[in-house]
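Engineer: Have a look at this one before I ask anything.
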Amino acid sequence: MTAQPIGARAKRNEDPHLLTGRALFIDDLELPGMVHVAFLRSPHAHARLRGVDVSKAREREGVVAVYTAADLGDYWQHGPLLVPPPPVEGMVFHQRTQVPLVKDKVRHLGEPIAIVVAVSRYVAEDALADIAVDYEPLPAAVDLEKALAPGAPLVHEDVGSNLAAYVPQKKGDYAAAKAKADVVIRRRFHYDRGAAAAIENRGVVAQWDARAQKLTIWDTTQAPIPVRNGLAAMLGLSEHQVRLVTPFIGGGFGPKIMMFYPEEVLIPWIALQLDLPVKWIEDRAENFVATTQERGQIHDAEIALTRDGIILGIADSFLHDTGAYDPYGLTVPLNSQCTVVGPYRVPAYQSEFRAVFTNKTIVTPYRGAGRQHGVFVIERLMDLAARELGIDGIELRRRNFLKPDEFPHDHVIIYQDFAPLYYDSGDYEPVLDKTLRMIGWESFLKEEQPRLRAAGRHVGIGVVSYVEGTGIGPFEGARVQVQTNGTVTVVTGIGTQGQGHFTVLAQVAAQQLGVEIADVHVVTGDSDQFHWGTGTFASRGAVVAGNATHEAAKSVREKAILLAAERLGVPAERIELVGGTARVVDEPEKSIPLGELAKIANPMRGAVKPGTEPGLEATRYFGPYRGATASGCHACILEVDAETMQIEILKYVVVHDCGVVINPLLVDGQVHGGVAQGIGNAFYEQLVFDDAGQLLNASFMDFLLPTALDVPRVEVGHEETASPLNPLGTKGAGEAGAIPVGALFAQTVENALAIPGLEILEIPLKPSRLWELAEGARA
Amino acid sequence: MKIQGEHTFDAPRERVWRALLDPEVLARTLPGCERLERTGENEYRGVLNVQVGPVKGQFQGTLQLADILPLEGYHMKLDGSGPSGFMNGQGELRLADAPAGTTLRYDLDTQIGGRIAGLGQRLVESSAKSITRQGLEGLARELALMTDPAREEMVQETVKEATTAVPPAPPPARPTQAEVAARVAGDVARDLVPAEKRPWVIGVGLALLAILGVLLARSCGG
Chain D
1 MTAQPIGARA KRNEDPHLLT GRALFIDDLE LPGMVHVAFL RSPHAHARLR GVDVSKARER
61 EGVVAVYTAA DLGDYWQHGP LLVPPPPVEG MVFHQRTQVP LVKDKVRHLG EPIAIVVAVS
121 RYVAEDALAD IAVDYEPLPA AVDLEKALAP GAPLVHEDVG SNLAAYVPQK KGDYAAAKAK
181 ADVVIRRRFH YDRGAAAAIE NRGVVAQWDA RAQKLTIWDT TQAPIPVRNG LAAMLGLSEH
241 QVRLVTPFIG GGFGPKIMMF YPEEVLIPWI ALQLDLPVKW IEDRAENFVA TTQERGQIHD
301 AEIALTRDGI ILGIADSFLH DTGAYDPYGL TVPLNSQCTV VGPYRVPAYQ SEFRAVFTNK
361 TIVTPYRGAG RQHGVFVIER LMDLAARELG IDGIELRRRN FLKPDEFPHD HVIIYQDFAP
421 LYYDSGDYEP VLDKTLRMIG WESFLKEEQP RLRAAGRHVG IGVVSYVEGT GIGPFEGARV
481 QVQTNGTVTV VTGIGTQGQG HFTVLAQVAA QQLGVEIADV HVVTGDSDQF HWGTGTFASR
541 GAVVAGNATH EAAKSVREKA ILLAAERLGV PAERIELVGG TARVVDEPEK SIPLGELAKI
601 ANPMRGAVKP GTEPGLEATR YFGPYRGATA SGCHACILEV DAETMQIEIL KYVVVHDCGV
661 VINPLLVDGQ VHGGVAQGIG NAFYEQLVFD DAGQLLNASF MDFLLPTALD VPRVEVGHEE
721 TASPLNPLGT KGAGEAGAIP VGALFAQTVE NALAIPGLEI LEIPLKPSRL WELAEGARA
Chain U
1 MKIQGEHTFD APRERVWRAL LDPEVLARTL PGCERLERTG ENEYRGVLNV QVGPVKGQFQ
61 GTLQLADILP LEGYHMKLDG SGPSGFMNGQ GELRLADAPA GTTLRYDLDT QIGGRIAGLG
121 QRLVESSAKS ITRQGLEGLA RELALMTDPA REEMVQETVK EATTAVPPAP PPARPTQAEV
181 AARVAGDVAR DLVPAEKRPW VIGVGLALLA ILGVLLARSC GG
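In the order they appear, the protein sequences are chains D and U. Letter by letter, the first sequence follows residues 1 to 779 in my numbering. Letter by letter, the second sequence follows residues 1 to 222 in my numbering.
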């Protein structure tokens, strides 16, 4: 073995399969006798449902069945609360979860009213036109502040207001800190809603096998095992009777971690009702209203500092748009609340948020999951403070960074995993220094920018810092087995949506077993293969499933070494696993291939010794007791066309510290994709709703995604501060690319335009809005 | 969205008024109108085919007239819905004498929702204007044919006799869906593109629209 598998810039095991079109995606499934489903969705955001007449649709040729809420009987239930509210004193939480089909009141655009099952999707869609629905449209709660005002239309009348939750948290005494401050800066920050826009929409296929009494569900979920368990309970089956498969999925980004979507609950039920395979594939128009969204928040935040720029305290009060229901609890606003303290020493922090019900699509985590807002607030406050105090923004950050000897650092407030916000490890200045070197900070400011300014060009530079809580529990498991042909299988329950799990987990196993990365075959997202797990979210796959794989592989390694030592007649300490064999150190001719050992471990005669198990196999679980905190810096140089306010990114640098890097190529890829999504969020993507809750740009004609022309080559640097919380020392990397881009854009665009008084306090931006802001500052 | 404006017809007020209350005339002049039938006193039910940008849909709806002041105007309320969403509207139509005929002032407040709002938003206003313009032009053509009552009676007689060698004047042809769509596309393009660039942009736009139409027909209908 030459290079160590962990840390290798290995190409992805899954790519040959994906690139040659052999990977199974959900819409590839064609089952004999399969029927297809179309949903009738409300064209109103808020309306009383006075009646639904499906009789004509039932008569249409090719229609197999039509269901409304009334047809579901006892199966009509509110979805479960996926994440309970945090144990915070003074907290208020009103649980109102989604329903499979609207019974009495529509609460957001696109909420499903009825389902048509037909021989083809075409017939099903045609039959939607046969359904007569009597709506009584109601005024809608759309704007966050208006929704909380007295007399606002109520999304849930029984709550008495549109307040979904209130969570106050504090660390230290902010009032005292403020009283001592030389400078207090207070601003209002807006962050608006976007869609994750995965290239593959959602889909569910279900098939009941009456002979085996077993239901198979293919689902694009990010949480295969919890969805299996939940659906089994709802359908009155044992968990063992339900097999849930997540095939290859074209992007998750969070909305697919939302569980028990109406479609997810209904398709398996229909398969049981009809004893026919049933398929539903979400189309893009549906995705814009039926798949969860994120990011609407308004913050009123202030920072108190000394004259020297030392942070004394931060206070924040914000509104969070939770949409029409709140099945995902308070994960997103809690993340925002916990991210505002950033990589800084903040002795006093006082924060409260109000989650607000609105007549809009449900809000659940979307890559970054509330952290964007937190980074935007703190980094903008730091920029404003630097300006106010006349201290260089980088110097101001350095003065407030937590130092390496301050870890672990306890921020006291409660995080999304309900443990105190606790930074396990970090070293922020080397990351910042490397970022500045890579972007060419000094030379740009000293030489290039003056030259460009003289030429009338508006080119700016910026740098921001961030931390990201990653790799939270509760647990994942993995089973590692050496096959008799010498290959190794890793089976886990997390599910995968393009992250590279087939490679990362292979590297972890290969490291222990001395085999080629390509000889480790990873299986994930099939509950018949592994039925314990939580899912892929919160930048946790490599951390949690990675460490479970590590533990299982270590155990298999021990078994293999013991067995080889016995066979080769040497002490176990003298056995090493190299190149797919177990061999004696310094006597490489004495060796046994791993596959051979696997056969020996599964004898046909004789007996497996008491206290041992057959095969070279082990199953282990890993549950970190708290999340690992990654960190990083983004910097960019961008040009603004002062006439059109269109921007062009000339250079983009990310230096990321996610602890021990298992595969730098994959972290680079995660960062690249994240930055692309962050750029979209910062400058292109905004869901625009009118006062009636109608979504006005529900297509890619009008909801702009950055294209290959808008996303620059991203240069990525790595720093490694190991996490003490897990044996691999790793931290998550999935969301880092997307999180600080809004804050960076605001700072860099201000620097490029150099208009005195221009303050960018909102995201997303767009040329027309930037023009208004610039004109406002000039006036 | 507000639909406001005025149009002067080269016809006496009484004749314009009659046309505005005649479902057959309205059905012929309203672009995309497939059917309009009276269901009660000042109540009509109809089917309207509308295309806004990429969204094409059939809307079933009702039209209610209220506060009818003969020769002056009325209040109207439209409610339509279909697979691609809903469109509602309410507002006033008012008539006034003009030096060379009769002026119709219209002031409608409309709401649209569902897929048609989400997909067609940026074209909604231009499309609405175009449909309004085509409707007014259609009404003008109708009015031109509705000459004095005497001649109308004569035409009726002619039709009744049906033996005469002189064929009756055919009722004005209703534009086909494709014609309506093409005109909307032209109007939308005019709205979006400066005058000097129009000829080729409209050409390209129509070509694209035709392609889109084919694709849509394939994706929606197949």
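The beta-carbon is built from N, C-alpha and C at its ideal position, and this holds for glycine as well.
1) Whole angstroms are fine: how far does the CA of Q483/D sit from the CA of A603/D?
2) Along the region 100 to 129 of chain D, what residues have a CB closer than 9 angstroms to any CB found in chain U?
3) Is there a Cβ from chain D that is less than 8 angstroms from the Cβ of Q51/U?
4) Please classify F700/D as buried or exposed, where buried requires at least 16 neighbouring CB atoms within 10 angstroms.
5) Of all the CB atoms in chain D, is at least one closer than 8 angstroms to the CB of Q90/U?
6) Kindly list, in the order they appear in chain U, the residues whose Cβ is closer than 7 angstroms to that of L695/D.
7) When we look at the beta-carbon of V166/U and count the other beta-carbons within 10 Å, is it buried (16 or more) or exposed?
8) So, is the C-beta of R122/U closer than 8 angstroms to a C-beta in chain D?
9) If you reduce the DSSP assignment to three classes, tell me which class A582/D lands in.
10) Give the range of the alpha helix (DSSP H) segment to which E719/D is assigned.
11) Consult DSSP for Y652/D and reduce its assignment to one of helix, strand or coil.
12) Please list, in chain order, all residues of the same chain as A301/D whose beta carbon is under 6 angstroms from its beta carbon, the five residues on each side excluded.
13) Where does H320/D sit, in a helix, a strand or coil, going by DSSP?
14) Spatial neighbours of L563/D within its chain, please: C-beta separation below 7 angstroms, excluding the five flanking residues on both sides.
15) With 16 as the cutoff for other CB atoms within 10 Å, does G680/D come out buried or exposed?
16) For chain U, find out if any of its Cβ atoms is closer than 8 angstroms to the Cβ of A285/D; answer yes or no.
17) Look up C658/D in the DSSP assignment and say whether it is helix, strand or coil.
18) Please state whether the Cβ-Cβ distance between F25/D and F248/D is less than 8 angstroms.
19) Beta strand (DSSP E) containing R540/D: first to last residue?
20) What does R115/U reach in chain D if we use C-beta pairs closer than 8 angstroms?
21) Can you give me the start and stop residues for the beta strand (DSSP E) that I131/U sits inside?
22) Rounded to the nearest angstrom, what separates Y174/D and I314/D at their Cα positions?
23) Can you confirm whether the region 709 to 727 of chain D touches the region 644 to 658 of chain D when touching is taken to mean that 3 or more C-beta pairs between the two stretches lie within less than 8 angstroms?
24) Under 9 angstroms Cβ-Cβ, which residues of chain U neighbour D702/D?
25) Going by alpha carbons, who is nearest to E294/D out of G368/D, F353/D, L666/D and G426/D?
26) Would you say Q111/U reaches chain D, if we count a Cβ-Cβ gap shorter than 8 angstroms as a contact?
27) Could you check which residue in V522/D, P85/D, W532/D and I494/D has the C-alpha nearest to that of F418/D?
28) Any beta carbon from chain D within less than 8 angstroms of G40/U's own beta carbon?
29) Shortest alpha-carbon distance to P168/D belongs to which of L436/D, Y415/D and P727/D?
30) According to DSSP, is M87/U part of a helix, a strand, or is it coil?
31) Taking only beta-carbon atoms, is E200/D less than 8 angstroms away from chain U?
32) Can you tell me whether L695/D is buried or exposed? The criterion is at least 16 other CB atoms within 10 Å of its CB, across all chains shown.
33) Quick one: grab the DSSP three-state call for Y422/D.
34) If distances are taken between C-alpha atoms only, which option among A127/D, I199/D and G757/D comes closest to E61/D?
35) Less than 6 angstroms between C-beta atoms, sequence neighbours within five positions excluded: which residues of the same chain meet that for E161/U?
36) Helix, strand or coil: how does DSSP classify M76/U here?
Structural biologist: Looking at the coordinates:
1) Position 603 of the first sequence holds residue 603/D. Position 483 of the first sequence holds residue 483/D. The sequence shown places Pro at residue 603/D, rather than the Ala named in the question. Whole-angstrom Cα-Cα distance: 14 angstroms.
2) L109, G110, Y122, E125, D126, L128 and A129
3) Your numbering for residue 51/U matches position 51 in the second sequence. Chain D contact via Cβ: absent.
4) As a first step, residue 700/D is located in the first sequence; it is residue number 700 there, counting from the start. Label assigned to F700/D: exposed.
5) Counted from its first residue, the second sequence places residue 90/U at position 90. No, Q90/U lies away from the interface with chain D (no Cβ there is under 8 angstroms from its Cβ).
6) Along the first sequence, one-based indexing puts residue 695/D at 695. Residues of chain U passing the Cβ test: G118.
7) Indexing the second sequence from 1 puts residue 166/U at position 166. Reliability fails at V166/U, whose pLDDT of 48 lies under 50, so the model's placement of it is uncertain and no value is given.
8) Taking the first residue of the second sequence as position 1, residue 122/U is located at position 122. Yes, R122/U counts as interfacial toward chain D.
9) Translated into the one-based positions of the first sequence, residue 582/D becomes position 582. Here A582/D sits in strand by DSSP.
10) In the first sequence, residue 719/D corresponds to position 719, counting from 1. Not the alpha helix (DSSP H): E719/D falls in the beta strand (DSSP E), residues V714 to E719.
11) Taking the first residue of the first sequence as 1, we reach residue 652/D at position 652. Strand.
12) Taking the first sequence and counting its residues from 1, one reaches residue 301/D at position 301. Contacts found: D316 and V377.
13) Along the first sequence, one-based indexing puts residue 320/D at 320. Note: H320/D maps to strand in three-state DSSP.
14) As a working mapping, residue 563/D is identified with position 563 in the first sequence. If we look at L563/D and ignore the five residues flanking it on each side, its Cβ neighbours are L597, I600 and A601.
15) As a first step, residue 680/D must be located in the first sequence, where it is residue number 680. Burial call: buried.
16) Along the first sequence, one-based indexing puts residue 285/D at 285. For A285/D, the answer is yes, since a Cβ of chain U falls inside 8 angstroms of its Cβ.
17) Taking the first residue of the first sequence as position 1, residue 658/D is located at position 658. C658/D: coil per DSSP, three-state reduction.
18) By one-based count along the first sequence, residue 25/D stands at place 25. By one-based count along the first sequence, residue 248/D stands at place 248. The answer is yes: Cβ separation under 8 angstroms.
19) Your numbering for residue 540/D matches position 540 in the first sequence. Per DSSP, R540/D belongs to no beta strand (DSSP E) and is neither H nor E.
20) By 1-based counting over the second sequence, the position of residue 115/U is 115. Within chain D, the residues near R115/U are P43, A285 and A698.
21) Position 131 of the second sequence, counting from 1, holds the residue named residue 131/U. Not the beta strand (DSSP E): I131/U falls in the alpha helix (DSSP H), residues R115 to L145.
22) Residue 174/D sits at position 174 when you count from the first residue of the first sequence. Residue 314/D sits at position 314 when you count from the first residue of the first sequence. Using only the alpha carbons, I get a separation of about 7 angstroms.
23) yes
24) As a position in the first sequence, residue 702/D is number 702, starting the count at 1. Result: G118, L119, Q121 and R122.
25) Residue 294/D sits at position 294 when you count from the first residue of the first sequence. Minimum Cα distance to E294/D is reached at G368/D.
26) What you label residue 111/U is simply residue 111 of the second sequence in a count that begins at 1. By this cut-off, Q111/U is an interface position.
27) Numbered from 1 along the first sequence, position 418 holds the residue referred to as residue 418/D. Measuring from the Cα of F418/D, the nearest candidate turns out to be P85/D.
28) The residue you call residue 40/U lines up with position 40 of the second sequence. No - not a single Cβ of chain D is within 8 angstroms of the one on G40/U.
29) Within the first sequence, numbered from 1, the residue matching residue 168/D stands at position 168. For the residues L436/D, Y415/D and P727/D, the minimum Cα distance to P168/D belongs to Y415/D.
30) Numbered from its first residue, the second sequence carries residue 87/U at position 87. In this structure, M87/U counts as strand in the three-state DSSP scheme.
31) As a first step, residue 200/D is located in the first sequence; it is residue number 200 there, counting from the start. It does not: the Cβ of E200/D has no partner Cβ on chain U nearer than 8 angstroms.
32) Locating residue 695/D in the first sequence gives position 695, counting from the first residue. Buried: at least 16 other Cβ atoms inside 10 Å.
33) Here the question's residue 422/D lines up with position 422 in the first sequence. Correct three-state label for Y422/D: strand.
34) Sequence index remark: in the first sequence, residue 61/D carries index 61 (1-based). Selected option, being the one with the closest Cα: A127/D.
35) If you number the second sequence from 1, residue 161/U lands on position 161. For E161/U, the predicted model reports a pLDDT of 48, less than 50, meaning its position is unreliable and no value from the coordinates is stated.
36) The residue labelled residue 76/U in the question sits at position 76 within the second sequence. Of the three classes helix, strand and coil, the one that applies to M76/U here is strand, per DSSP.
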